[in-house]
Every structure is written in C-alpha cells, then in structure tokens.
Amino acid sequence: MESIKRNILLNPGPSTTTDTVKYAQVVPDICPREKEFQSIMKPMRDDLVRIVHGDTEEYTAVLFCGSGTICIDIALNSLLDEGKKALVINNGSYSDRACDVLKYYGMPLIELKQPINVPPSLAEIEAALKANPDVGYVYMTHHETGTGLLNPIREVGALAHKYNAFFITDTTSSYAMIPIDVNKDNVDFCMASAQKGIMGMTGLSYIIGKRSIIEKSKDFPKRSYYCNLYMQYEFFEKTGEMHFTPPVQTIYAAKQALKEYFEEGEAAKWERHKSVMAAIHRMEDEMGLKEAVDRKYQSGLVSAIRYPDDENFNFEKVHDYCYERGFTIYPGKIEKKGTFRLCALGAINEKDIAEFSKVLKAAFEEFDIKLPAKYNEE
Ligand SMILES: *Cc1c(COP(=O)(O)O)cnc(C)c1O
22 MESIKRNILL
32 NPGPSTTTDT
42 VKYAQVVPDI
52 CPREKEFQSI
62 MKPMRDDLVR
72 IVHGDTEEYT
82 AVLFCGSGTI
92 CIDIALNSLL
102 DEGKKALVIN
112 NGSYSDRACD
122 VLKYYGMPLI
132 ELKQPINVPP
142 SLAEIEAALK
152 ANPDVGYVYM
162 THHETGTGLL
172 NPIREVGALA
182 HKYNAFFITD
192 TTSSYAMIPI
202 DVNKDNVDFC
212 MASAQKGIMG
222 MTGLSYIIGK
232 RSIIEKSKDF
242 PKRSYYCNLY
252 MQYEFFEKTG
262 EMHFTPPVQT
272 IYAAKQALKE
282 YFEEGEAAKW
292 ERHKSVMAAI
302 HRMEDEMGLK
312 EAVDRKYQSG
322 LVSAIRYPDD
332 ENFNFEKVHD
342 YCYERGFTIY
352 PGKIEKKGTF
362 RLCALGAINE
372 KDIAEFSKVL
382 KAAFEEFDIK
392 LPAKYNEE
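Residue 22 is where the sequence shown starts when you use our numbering, and the numbers rise one by one after that.
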C-alpha cells in the first residue's frame, strides 16, 4: 500500500484521516441492495450507539447520506409534535443555523439568545421552560465549533426533562472525541458526521436517539419527504437498508474508521486530542496570540484566535503560506470580529503541532508580522 501525501488539517472537519481509512474505500463495485452490503450497516449502527454508551435496545443510530447539517435539519423537523414549540439555546453560529432551519420550515421557535463566549445561563433556560409549558424539545449545540465554546449538556438535558421536553444536542464536533454518555448526560438525541470525530470520509451522517421517541414521532407532522427521521428509521428496521442510495464507499471507510476508533479507545483518543490542543495553546502563548474564548470554557478541540492588531497581518497570506507547506488553517465564524481557528480533530498528534508551530512562526516572519503578536485594547 503506497502512502498518500499527509496533510495536517487544522480546520474543524473534515479531519486528517489514516491511510487505512482512505484505502478502505477502494472496494469492488457493489450494489448497496445486496445482503453483503446490508451486513455492514447493522453492526455500524450498534457501534455508533456504543460510542455514546447507549443500550442498543433503548437507543438506535439512523444513518443519512449528507453532510452534518442534514442531521440538524432532520432532528428539528421530525421531532416536534403538533402544538409544541422548539426551544433553541442560541450562542453560536451552529445554533444560529438550527434557528434558520426552524424558520425555513415555519415551525414555532423560542430562540434564547446567549453570549457566544461563556456557557449559557441555566436560570434563564429554566425560566424559558417555566414560561412555555408547550416546549416539545430543547435544542443546544454541545460544542460551538465557531468559537470552541463547550456547552453544559448534562445540566440542560436535566432541565429539559424536568419540564417534560426532549433534549436534542448537536454533537457533530464533539462525538467520538469528548466522551459522552447519553444516560448520564440526559441526551435523547445527538448527532454527528463521519468526517469529524470518527475520522472517516464526508457524506455519511447519523442521528443517535431514543427508539421510543422516534416511534412516537410516527404521528408527528411530516415536514419533509427526504429528511424525515421516522421514515428512515422504519426502513432500516424493516430492511436493514437506507431508504435511498447510501454513500457506499464512505460507508466502507466508516467501517474501518470505527475499527480504528475502538482500537485507540475512548480515553486514549480524548487524551490525544487534548494533547494536540495543549500544544496549540503553548504555541499561542509563545507567539502572544490571544483567543476569543477563555480557556476554561473551551472544548479542548477548537481555538479561535483573534487577528493581531498588526497592519501586516493578512489571514489569506498566512493561510496560503501554511497550506503550501501541508498545514490547513481555517477562518473564524464570529460576526464582525477577525478570528481564525486551529482545531485538534483528526489523526494528528503533538509532533504535528510542533512542526506547524515552526511554519506559522516562519509565516509571521515572512510577512513582517510582529512577534509577540500585537493587540491594542485590553
Ligand atoms: C461541522 C458541524 C456541523 C455540520 O456541518 P456540515 O458542513 O454540514 O458538515 C454541524 N454542527 C456542528 C457543531 C459542526 O461542527
């Protein structure tokens, strides 16, 4: 097996993958309606539930062909009963996206806006639930990938349940990285995409959630044909297949990625991601780079760095310099504020950051950007 040029992706997914995962896609052509293909989906669905410590009798994983946003769309549009409202905790660009989805469907939405750089107020969430006894589900992003802010799912899930609402959380950028336990964390539904935590390929996404609620949602209003959770679930249960054509090669890659996930192990993998972020933080400190979110509120997976107040700093130029040398850095997602992001997803380690650190420092030197980095106001 010839090794493939290794790029270090410091963007928030797709993440750097192993060659064994890349090569797993190279398989004989197969029709996905064959039993041979179906036989890899059932164990895959169970493995996806096991990653978040769910019981496969109680929880199930439903697969979809699409990027991560398809899961946001499906969970939100499929799980709201007639006469109920959605409560979204909005403190970042991904929860903003969830609000947009609900607005596109014309669904009743209570949008609880919260600051983007600190965890949300539990008191305000509880007050919103008290004031609105008709909330069907509470929705919150676990890890706001735009800023790197980590949200308290366990506490918010408990509040949702106290007021008889389901709890849905977007764990796309934390699943299979930050350990999650659906029982202890009070999660009814979570979701992710193969190109992030499990370090697979793009095109496969999944919702993991309670069977009892999915079954109940059979009678909820149907708002989409292609993007309906119950329809896909029922098809899987009856036939073991996706309703429509699955991303065949991506599924083979995901199978290999899951094997490698369990070989590395939940705890060791999380330690590795944390060690990568610790190396990123050390580099930032050496260079005097400042972040948008206090480290005590960060996920350990994304660091949003504020642009230095330096007339020579130009993100595009720094990006291109790093890219030409095999390192991909990523623009920020904070309105009106210049930030760029460095992420600890993927099959990378501390040594890669040590190499990257040399390249980033050289880029600053090349473009005459002051080190330590300059910031005006404090
Ligand atoms: C990556 C990501 C998604 C999905 O984004 P796509 O571009 O559709 O794959 C959703 N939520 C969060 C929090 C993410 O980080």
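All residues carry an ideal CB built from backbone N, CA and C; glycine is no exception.
Note that the structure is a prediction, hence the values are computed from the model and not measured.
(message) Assuming contact is defined by CB atoms lying nearer than 8 Å, are I4 and I29 in contact in what I supplied?
(response) For the chain, the structure presents residues 22 to 399; residue 4 sits outside this window and is missing.
(request) Could you tell me which uninterrupted beta strand (DSSP E) segments, each at least 3 residues in length, are contained entirely in the segment 333-358, listed from first to last along the chain? (result) none
(request) Give every residue of the same chain whose Cβ lies closer than 8 Å to the Cβ of K105, excluding the five residues on either side of it in the sequence, and list them in chain order. (result) For this step, residue 105 is matched to residue 84 along the sequence shown. Same-chain partners within the cutoff: P129, D155, V156, G157, Y158.
(request) Would you tell me roughly how many angstroms separate the C-alpha atoms of L101 and A107, rounded to the nearest one? (result) Mapped onto the sequence shown, residue 101 falls at position 80. Mapped onto the sequence shown, residue 107 falls at position 86. Near 7 Å, if we compare the C-alpha coordinates of A107 and L101.
(request) Could you round the C-beta distance between D209 and H163 to whole angstroms and report it? I think they count as a contact, below 8 Å. (result) If you number the sequence shown from 1, residue 209 lands on position 188. If you number the sequence shown from 1, residue 163 lands on position 142. About 13 Å; that fails the 8 Å criterion.
(request) Note down the Cα distance separating H294 from R244, rounded to an integer number of angstroms. (result) Position 273 of the sequence shown holds residue 294. Position 223 of the sequence shown holds residue 244. Each residue's alpha carbon lies about 38 Å from the other.
(message) Whole angstroms are fine: how far does the CA of Y351 sit from the CA of T81?
(response) Counting from 1 along the sequence shown, the entry for residue 81 is found at position 60. Counting from 1 along the sequence shown, the entry for residue 351 is found at position 330. In a straight line, the C-alpha of T81 is about 34 Å away from that of Y351.
(request) Please name the residue or residues paired with R118 in a DSSP beta bridge. (result) As a first step, residue 118 is located in the sequence shown; it is residue number 97 there, counting from the start. None; R118 has no bridge partner.
(request) Decide if the segment 67-85 is in contact with the segment 210-230; the criterion is three or more beta carbon pairs, one per stretch, under 8 Å apart. (result) yes
(message) Please state whether the Cβ-Cβ distance between L322 and C364 is less than 8 Å.
(response) One-based indexing of the sequence shown puts residue 322 at position 301. One-based indexing of the sequence shown puts residue 364 at position 343. Yes, these two residues count as a Cβ contact at 8 Å.
(message) Given a cut-off of 8 Å on the beta-carbon distance, is the pair K290 and M212 in contact?
(response) Residue 290 sits at position 269 when you count from the first residue of the sequence shown. Residue 212 sits at position 191 when you count from the first residue of the sequence shown. No.
(request) Compare the Cα-Cα distances from K205 to each of A215, I235, V177, L123 and report the closest residue. (result) In the sequence shown, counting from the first residue as 1, residue 205 sits at position 184. K205 has its Cα closest to that of V177, out of A215, I235, V177, L123.
(request) Can you say whether A144 is buried or exposed, counting buried as having 16 or more other CB atoms within 10 angstroms of its CB? (result) Taking the sequence shown and counting its residues from 1, the one referred to as residue 144 is at position 123. With fewer than 16 other Cβ atoms within 10 Å, it is exposed.
(message) Does L180 come out as helix, strand or coil in the three-state DSSP assignment?
(response) Translated into the one-based positions of the sequence shown, residue 180 becomes position 159. Correct three-state label for L180: helix.
(request) Use the C-beta contact count for F265: other C-beta atoms within 10 angstroms, 16 or more gives buried, fewer gives exposed. (result) Within the sequence shown, numbered from 1, the residue matching residue 265 stands at position 244. Exposed: under 16 other Cβ atoms inside 10 Å.
(message) I believe V122 touches I91 by the beta-carbon criterion, under 8 Å. Please report the beta-carbon distance rounded to the nearest angstrom.
(response) To locate residue 122, count along the sequence shown from 1; it is residue 101. To locate residue 91, count along the sequence shown from 1; it is residue 70. V122 to I91, Cβ: 10 Å. No contact.
(request) Please go through the same chain and pick out, in chain order, the residues whose beta-carbon is closer than 6 Å to the beta-carbon of T39, but skip the five residues on each side of it. (result) As a working mapping, residue 39 is identified with position 18 in the sequence shown. For T39, where only same-chain residues beyond five positions count, the Cβ hits under 6 Å are A368.
(request) Please work out which residues of its chain come closer than 8 Å, Cβ to Cβ, to A288, disregarding the five sequence neighbours upstream and downstream, and give them in chain order. (result) The residue given as residue 288 occupies position 267 in the sequence shown. These residues qualify, in order along the chain: P200.
(message) Let me check you understand the geometry: is the CB of K105 closer than 7 Å to at least one non-hydrogen atom of ligand 1?
(response) Locating residue 105 in the sequence shown gives position 84, where the first residue counts as 1. No, ligand 1 has no heavy atom inside 7 Å of this Cβ.
(message) Just to confirm, is the Cβ distance from T223 to S88 under 8 Å?
(response) Reading the sequence shown from its first residue, position 202 is the one you call residue 223. Reading the sequence shown from its first residue, position 67 is the one you call residue 88. Cβ distance < 8 Å, so T223 and S88 count as in contact.
(message) Considering just the uninterrupted stretch of the beta strand (DSSP E) at M298, what are its terminal residues?
(response) Start at 1 with the first residue of the sequence shown, and residue 298 comes out as number 277. No beta strand (DSSP E) holds M298; the alpha helix (DSSP H) holding it covers 287-308.
(request) Can you give me the Cβ contacts of M161 inside the same chain, cut-off strictly under 6 Å, excluding the 5 residues immediately before and after it? (result) For the purposes of this step, residue 161 is identified with residue 140 of the sequence shown, where counting begins at 1. Closer than 6 Å at Cβ, skipping near neighbours: I110, N172, V177, T190.
(request) Would you list the residues sitting across from I201 in a DSSP beta bridge? (result) Sequence index remark: in the sequence shown, residue 201 carries index 180 (1-based). Answer is none; I201 lacks a bridge partner.
(message) At 3 residues or longer, what runs of the beta strand (DSSP E) sit wholly inside the segment 22-72?
(response) none
(request) Tell me whether Q216 sits in a helix, a strand or coil according to DSSP, three-state version. (result) Walking along the sequence shown from the start, residue 216 turns up at place 195. Coil.
(message) So, with DSSP's three-state summary, where would you put F187?
(response) As a first step, residue 187 is located in the sequence shown; it is residue number 166 there, counting from the start. F187: strand per DSSP, three-state reduction.
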